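The sequence shown begins at 104 in my numbering and counts up one residue at a time.
Don't be surprised by glycine CBs; every beta carbon is placed ideally from N, CA and C.
No experiment lies behind these values; they were computed from the predicted model shown.
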Amino acid sequence: MEQNKKLLRVLMLPWLAHGHISPFLELAKTLTTRNFHIYICSTPVTLASIKKKVDKNYSGSIDLVDLHLPSSPELPPHFHTTNGLPPKLMPALKEAYEKSAPEFSKIVSDLRPDLVIYDYNQPWAAEIASSLNIPAVQFLTASLVFVCYALHMVNNPGEKFPYPEIYLRDYEMKKQDEAKLQLTDEDLKDRDAAIQAMFRSYKIVLSKSFKEIEGKFIDMFSAFSNKKVVSVGPLVQDVTTTDIDNDEDEEIREWLDQKEKGSVVYASFGSEYFLTKEERHAISLGLELSNVNFIWVIRFPVGENKITIEESLPEGFLNRVGNRGKILQGWAPQGKILKHPSTGAFLSHCGWGSVMESMSCGVPVVALPMHIDQPLNARLLTAVGVGVEAVRDDGGNLRSEEIARVIRQVLVDENGEDVRRKAKEMSEIMEKKGDEEIDNVAEELQGLCENKQ
């Protein structure tokens, strides 16, 4: 972008989840190199997770703006994030977030940005911006295959999805049908808010995607929404395995350095899903039976960390796996682990951010989807050829033998050679594209600001 163009000021409002604020931050970082100044607006506890990174490298080009939610005894400020939030408090968090709209309105009025970029569930953000003649654009951080499937089911109930490789298994359909029977007014309100947020986006919708993997779903969503879909690419954090942030990072790197190339499976199931005891035990046995090296990240909800790692796993498990297994509690430097040469597979819940990160690093996925968008993301990975799913039994229960079998297939067996090769190819495609998508995004946003009504 030419240097003589006006510096554009953009206010971003991500949802209060790591899987949302992380891509918003990565988008912000890339736009700052293209004549944009970014304000990221979120709750103090959410911003605390990125403050160190921003202050260190982007203090002159990214500002963090506190959004204070109404507090209550049930929902104190440290729960103003989905990270570690006990699931029962999610409705209270959504309600408090919506009640923060007047404060966001004041922030927009005070800053008067050239553009607002908002998330999937905030039609009120677009409305506030529009009332001040400021264009507002939605940024979808979920996969478009999930968004298209959900929209199809809402608009064409009973009709099969037009792409047969994308489907829900019987136990997933049963779970979905049960959930429909339990839909509350609040659930319907959430769904309507998501649809309104999409339609209120000004001319375009930004999507964390790229056409090589989601091309037909980009077209399908564009036809439905009557908006131009502008892909921003994978937006994976740029890390090197030699960057050391703390002693734990160094310990993890040293452990990986001792392992053979491509011999480690990294297991993690996202920042919002907490494994049940039965799931932990099934995965434990699967990792044990696979007889491969592994790093496994285990999380518990905030306030429920009283149980020790050893107590949460089958008796004797840690002794039996010895030094071929490393258990981490709470958090791990995922990007660094996936980029390390010793990592050869990712046992993943298939959250979209993790999917993109894995593909960017050329690491094939052992898909173990849990809920929401993840089953459809898993089917997409399988269809594209960069992952293999560990299928549950007919009742939807995890099967240790199946987990072990698929880990070995993806990591070491001859019949996994195709998926390993395809994962590397996809990584090379993403690398070759480089900044192509972001350059296009910058041009689109510049055009919206210059030509606003």
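Short of 7 Å in beta carbon distance, which residues of its chain neighbour R482, apart from the five on each side in sequence? Order them along the chain.
Correct list, in chain order: E268, I269, Y270.
First and last residue of the alpha helix (DSSP H) that includes A151?
Following the DSSP letters along the chain, one finds A151 inside the alpha helix (DSSP H) bounded by residues 147-160.
How long is the line joining the alpha carbons of M557 and L501, rounded to whole angstroms?
What is shown of the chain runs 104 to 556, which leaves residue 557 out entirely.
Helix, strand or coil at H384 according to DSSP, with G and I counted as helix
Of the three classes helix, strand and coil, the one that applies to H384 here is helix, per DSSP.
Considering only residues of the same chain and omitting the five flanking positions on each side of T473, which have a CB-CB separation below 6 Å?
Per the sequence shown, the amino acid found at residue 473 is Met instead of Thr. The residues are Y376, H452.
Bridge partner(s) assigned by DSSP for H140:
Per DSSP, R112.
8 Å contact criterion, which L235 and V211 should meet: CB distance rounded:
Right, their Cβ atoms sit about 6 Å apart.
Residue interval of the alpha helix (DSSP H) (run including Y376)
Counting along the chain, Y376 falls outside any alpha helix (DSSP H), and DSSP gives it neither H nor E.
For Y161 and G537, what's the separation of their Cα atoms in angstroms?
So the two alpha carbons sit approximately 21 Å from each other.
Go through its chain and collect everything with a Cβ distance to P327's Cβ below 7 Å, but skip five positions before and after it.
Just to set this straight, residue 327 is Phe in the shown sequence, not Pro. Counting only Cβ-Cβ distances below 7 Å, and skipping sequence neighbours, we find L254.
Going residue by residue through the stretch 459-517, where are the continuous alpha helix (DSSP H) segments of at least 4 residues, counting only ones entirely within it?
477-487, 503-514, all fully within the stretch 459-517.
Taking C-alpha atoms, which residue in D360, S164, V168, L192 lies nearest to S174?
Checked all of D360, S164, V168, L192; the closest Cα to S174 is L192.
So what does Q241 bridge to, in DSSP terms?
DSSP output for Q241 lists Y221, V308 as bridge partner(s).
Rounded to whole angstroms, what is the Cα-Cα separation between V335 and V544?
Between the alpha carbons of V335 and V544 lies a distance of about 6 Å.
Buried or exposed for D217, going by 16 or more other Cβ atoms inside 10 Å?
It is buried - the Cβ of D217 has at least 16 other Cβ atoms within 10 Å.
Between which two residues does the beta strand (DSSP E) carrying Q432 extend?
For Q432, the enclosing beta strand (DSSP E) begins and ends at 428-432.
CA-to-CA distance, E505 to P389, given in whole angstroms:
The amino acid occupying residue 389 in the given sequence is Gly; Pro does not appear at that position. C-alpha separation (whole angstroms): 7 Å.
For the beta strand (DSSP E) holding Y369, just list the boundary residues, first then last.
For Y369, the uninterrupted beta strand (DSSP E) segment begins and ends at 367-371.
Name the one or two DSSP bridge partners that S334 has.
Beta-bridge partners assigned by DSSP to S334: S310.
The ligand COA and V257: does the residue's C-beta get closer than 6 Å to at least one heavy atom of that ligand?
Because no ligand of any kind appears in the structure shown, any question about the ligand COA cannot be addressed here.
Spatial neighbours of G465 within its chain, please: C-beta separation below 8 Å, excluding the five flanking residues on both sides.
Close CB contacts of G465 within its chain, under the 8 Å cut and outside five residues either way in sequence, are with A526, K527, M529, S530, E531 (chain order).
Below 7 Å between beta carbons: does that hold for A448 and V522?
Cβ distance not < 7 Å, so A448 and V522 don't count as in contact.
So, for S393: in the same chain, excluding its five sequence neighbours on each side, which residues have a beta-carbon less than 6 Å away from its beta-carbon?
Cβ neighbours of S393 beyond the five flanking positions: A507, I510, R511.
Paired residues, beta bridge with N396 - DSSP:
As DSSP reads the structure, N396 sits in a beta bridge with V367.
Can you say whether F302 is buried or exposed, counting buried as having 16 or more other CB atoms within 10 angstroms of its CB?
Exposed is the call here.
Limits of the unbroken alpha helix (DSSP H) element including I355
In the DSSP assignment, I355 falls within the alpha helix (DSSP H) that extends over 350-360.
For M459 and V562, the rounded distance between their alpha carbons:
As displayed, the chain neither begins before 104 nor continues past 556, which places residue 562 out of reach and without an answer.
Per-residue burial, R383 [other beta carbons within 10 Å of its own, 16 or more giving buried]
R383 is buried by the Cβ-count criterion.
N- and C-terminal bounds of the beta strand (DSSP E) containing G557
A question about residue 557 goes unanswered here, because the residues of the chain that appear run from 104 up to 556.
Contacting residues, own chain, Cβ-Cβ under 6 Å from H183 (five flanking each side not counted):
If we look at H183 and ignore the five residues flanking it on each side, its Cβ neighbours are T146, V148, L172.
Within its chain, find whatever has a CB closer than 7 Å to the CB of V332; leave out the 5 residues flanking it on each side and keep chain order.
Answer for V332: V308, S310, I321, F324, S325, listed in chain order.
Going by the DSSP bridge assignment, what does R166 pair with across the sheet?
A small fix is needed here, since residue 166 is Asp in this sequence, not Arg. DSSP lists Y142 as partners of D166.
If you follow the alpha helix (DSSP H) that T133 is in, where does it begin and where does it stop?
Start and end: 121-135.
Is the stretch 431-446 touching the stretch 357-372 in the sense that three or more CB pairs, one from each, lie closer than 8 Å?
At 8 Å Cβ cutoff, the stretches touch.
What residue range is occupied by the uninterrupted alpha helix (DSSP H) comprising F182?
Neither: F182 is in no alpha helix (DSSP H) and is coded neither H nor E.
For I401, write down the residues that DSSP places opposite it in a beta bridge.
In DSSP, I401 forms a bridge with Q432.
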